[in-house]
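Beneath this line is the structure, given in structure tokens, with notes to follow.
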Amino acid sequence: MAANTRWVYALAEALAREAPVHVTRMYDWRTYWSNQPSWPEPDPAAVLNLERTQRVLPTGYAGQLEWLARPFMRWMIDGWRQELREESREEPVVVAPYPYLAPWVRSVPRNRLVYYNLDAYRLYRPERAEWIRKREEELVEQAGLTICLAQTQVEALKDRHPAQANRIEHFPLGVLDSFLNPHPDRDPDPGTIGYVGNLSDRVDWKLVRSVVEECSDLQFVFAGGLDEIETGGEKSAWRKHRAAAFQQPNVEHLGRIPQDDVTELYWNCAVNWIPYDTDHPFNQAACPTKIMDGIASGRPVVSTPVPECELYSAWITTVDESDKLGQILRQRAKNSTAHSIERQIKFARKHTWNQRASTLRAMLDVRSDSKTYV
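Just so you know, we're using the UniProt record's numbering here: the sequence shown kicks off at 1 and counts up by one.
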């Protein structure tokens, strides 16, 4: 299982509670030395049955030089499969979350290959969209099961692959147990509206600016870094709106915060806000982590009508008109316990990563004690 994101790693940890899992991370030299990535869990022995391997490979190993790296990558992946096969005496399931993995898993039996679609990958590299499309097409055609974080991706892949439609399923993000609010009865900070995440052009900064200027009686808290690689340059309109919003006296920008502080922010804010730009193609194809993290807080969640957020209408209020949004935020902030907090957290408990792992095992239609994953 390739786990370059924390949510894939969370799924791997949950699966390892029932069967052996080999989780892998692969980076090219440039990406590794630029970002210095680390595992979400520093202790490699923290979870029984979970083996971890990280590889740093030459730049281009998954792109222009893939044809050259292919024999080695196949040999390496087949070696991991063999290790699990010897340990469990059965054929392991391979979970492939990225299209570039397609040539390396061609020897995996169909009923042991899962394509885990995390995003609309072609949007990341428009200049290589056709190359990515072909790799993704191969994975969908080859895999016995394709699972997608976002419902819009389910629909898109079914449209492109009607013959495989019955093997393409919605598999939204789960929530870490640590995000479940242990004391939802405690009052939040009055009048606070919180946002945690990237502060890029995926946020509707024009809307944010309008709302924070209108709602001077509310306090807005933003947690996230400003140093992402983004589009539009320093003079882009959205950056100007962001700068203007952050200059308002009722706005606090915390920057990047430790993971422990993230949960506290979710729990302490009277309302958790997802002001995403509904026209942004990434948002249309995304399953924001903020959905389940926000629901798990027990606090009201308000969002723009991003497709995935609209699937949770019982727990997320969606609105994108600034005047109505200001009214909704005031109402929720002043009466953040008007909804059923217990029911909301109970719902979140049904969507922890342990539950997600059980769902995946059910999708694969096998007993939980007879499955291994690589």
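For every residue, glycine included, the Cβ atom is placed at its ideal position computed from N, Cα and C.
How should residue i be labelled, buried or exposed, when 16 other C-beta atoms within 10 angstroms of its C-beta is the threshold for buried?
{"i": "Gly255", "result": "exposed"}
{"i": "Ser370", "result": "Note that Ser370 scores a pLDDT of 46, beneath 50, so its modelled location is shaky and nothing firm can be said."}
{"i": "Leu48", "result": "exposed"}
{"i": "Thr53", "result": "exposed"}
{"i": "Ala120", "result": "buried"}
{"i": "Ala314", "result": "exposed"}
{"i": "Asp293", "result": "buried"}
{"i": "Tyr9", "result": "buried"}
{"i": "Ala29", "result": "This sequence places Trp at residue 29; Ala is not what is there. Label assigned to Trp29: exposed."}
{"i": "Arg167", "result": "buried"}
{"i": "His22", "result": "buried"}
{"i": "residue 446", "result": "Residue numbering for the chain in the displayed model covers 1 to 374; residue 446 lies beyond these limits and cannot be assessed."}
{"i": "Asp43", "result": "exposed"}
{"i": "Asn272", "result": "buried"}
{"i": "Glu310", "result": "exposed"}
{"i": "Phe171", "result": "buried"}
{"i": "Gln344", "result": "buried"}
{"i": "Asn283", "result": "buried"}
Pull up the distance between the alpha-carbon of residue i and that of residue j, whole angstroms please.
{"i": "Asp277", "j": "Trp39", "result": "31 Å"}
{"i": "Glu137", "j": "Arg332", "result": "44 Å"}
{"i": "Arg202", "j": "Pro162", "result": "31 Å"}
{"i": "Ala2", "j": "Leu218", "result": "42 Å"}
{"i": "Ala46", "j": "Thr146", "result": "29 Å"}
{"i": "Leu176", "j": "Glu86", "result": "31 Å"}
{"i": "Gly144", "j": "Pro275", "result": "36 Å"}
{"i": "Tyr116", "j": "Pro97", "result": "4 Å"}
{"i": "Leu180", "j": "Ala348", "result": "7 Å"}
{"i": "Pro281", "j": "Arg89", "result": "44 Å"}
{"i": "Val262", "j": "Val196", "result": "7 Å"}
{"i": "Arg367", "j": "Val251", "result": "Low per-residue confidence applies at Arg367: pLDDT is 39, beneath 50, and the placement is therefore not dependable, though the value from the model is reported in the following sentence. Roughly 51 Å separates the two Cα atoms."}
{"i": "Gly63", "j": "Arg160", "result": "24 Å"}
{"i": "Thr359", "j": "Ser216", "result": "44 Å"}
{"i": "Arg70", "j": "Val95", "result": "18 Å"}
{"i": "Pro188", "j": "Leu118", "result": "33 Å"}
{"i": "Val140", "j": "Cys148", "result": "11 Å"}
{"i": "Ser297", "j": "Ser340", "result": "12 Å"}
{"i": "Arg110", "j": "Gln142", "result": "6 Å"}
{"i": "Cys269", "j": "Gln153", "result": "31 Å"}
{"i": "Ala12", "j": "Trp104", "result": "20 Å"}
{"i": "Asp78", "j": "Tyr27", "result": "19 Å"}
{"i": "Thr31", "j": "Arg125", "result": "16 Å"}
{"i": "Gln259", "j": "His253", "result": "16 Å"}
{"i": "Gln164", "j": "Asn35", "result": "37 Å"}
{"i": "Val114", "j": "Glu41", "result": "24 Å"}
{"i": "Val208", "j": "Ile295", "result": "21 Å"}
{"i": "Ala285", "j": "Glu130", "result": "18 Å"}
{"i": "Thr304", "j": "Met73", "result": "42 Å"}
Looking at chain B, is there any beta carbon in it that lies within less than 9 Å of the beta carbon of residue i?
{"i": "Leu254", "result": "Absent from the structure is chain B; it holds one protein chain and no more."}
Would DSSP call residue i helix, strand or coil?
{"i": "Thr31", "result": "helix"}
{"i": "Gln355", "result": "helix"}
{"i": "Leu311", "result": "helix"}
{"i": "Arg89", "result": "coil"}
{"i": "Ser297", "result": "coil"}
{"i": "Ala16", "result": "helix"}
{"i": "Pro126", "result": "helix"}
{"i": "Thr24", "result": "strand"}
{"i": "Leu145", "result": "strand"}
{"i": "Ala285", "result": "coil"}
{"i": "Ala10", "result": "helix"}
{"i": "Asn117", "result": "strand"}
{"i": "Val306", "result": "coil"}
{"i": "Asp187", "result": "coil"}
{"i": "Ala2", "result": "strand"}
Anyone know if the C-beta pair for residue i and residue j falls short of 9 Å?
{"i": "Ala223", "j": "Gly191", "result": "no"}
{"i": "Lys206", "j": "Ala156", "result": "no"}
{"i": "Ala245", "j": "Glu213", "result": "yes"}
{"i": "Gly225", "j": "Ala14", "result": "no"}
{"i": "Leu101", "j": "Arg55", "result": "no"}
{"i": "Arg106", "j": "Val93", "result": "no"}
{"i": "Gln248", "j": "Phe220", "result": "yes"}
{"i": "Thr5", "j": "Trp80", "result": "no"}
{"i": "Gly60", "j": "Glu51", "result": "no"}
{"i": "residue 426", "j": "Thr317", "result": "Limits of the chain in this structure are 1 at one end and 374 at the other, which puts residue 426 out of reach."}
{"i": "Leu123", "j": "Pro20", "result": "no"}
{"i": "His183", "j": "Trp75", "result": "no"}
{"i": "Glu342", "j": "Ala150", "result": "no"}
{"i": "Asp185", "j": "Asp320", "result": "no"}
{"i": "Ser322", "j": "Ser210", "result": "yes"}
Check whether the Cβ of residue i sits closer than 8 Å to any heavy atom of the ligand SAM, and report yes or no.
{"i": "Tyr98", "result": "This structure lacks the ligand SAM; in fact it carries no ligand of any kind."}
Review point. What are the uninterrupted segments assigned as beta strand (DSSP E) that are 3 or more residues long and contained completely in the region 215–277, given in chain order?
Key: 219–223, 251–255 and 269–274
Point to revise | beta strand (DSSP E) runs contained entirely in the region 29–108, provided each spans 3 or more residues | key: 50–57 and 94–96
**Study point:** Residue ranges of each beta strand (DSSP E) within the region 314–343, 3 or longer
**Key:** 316–318
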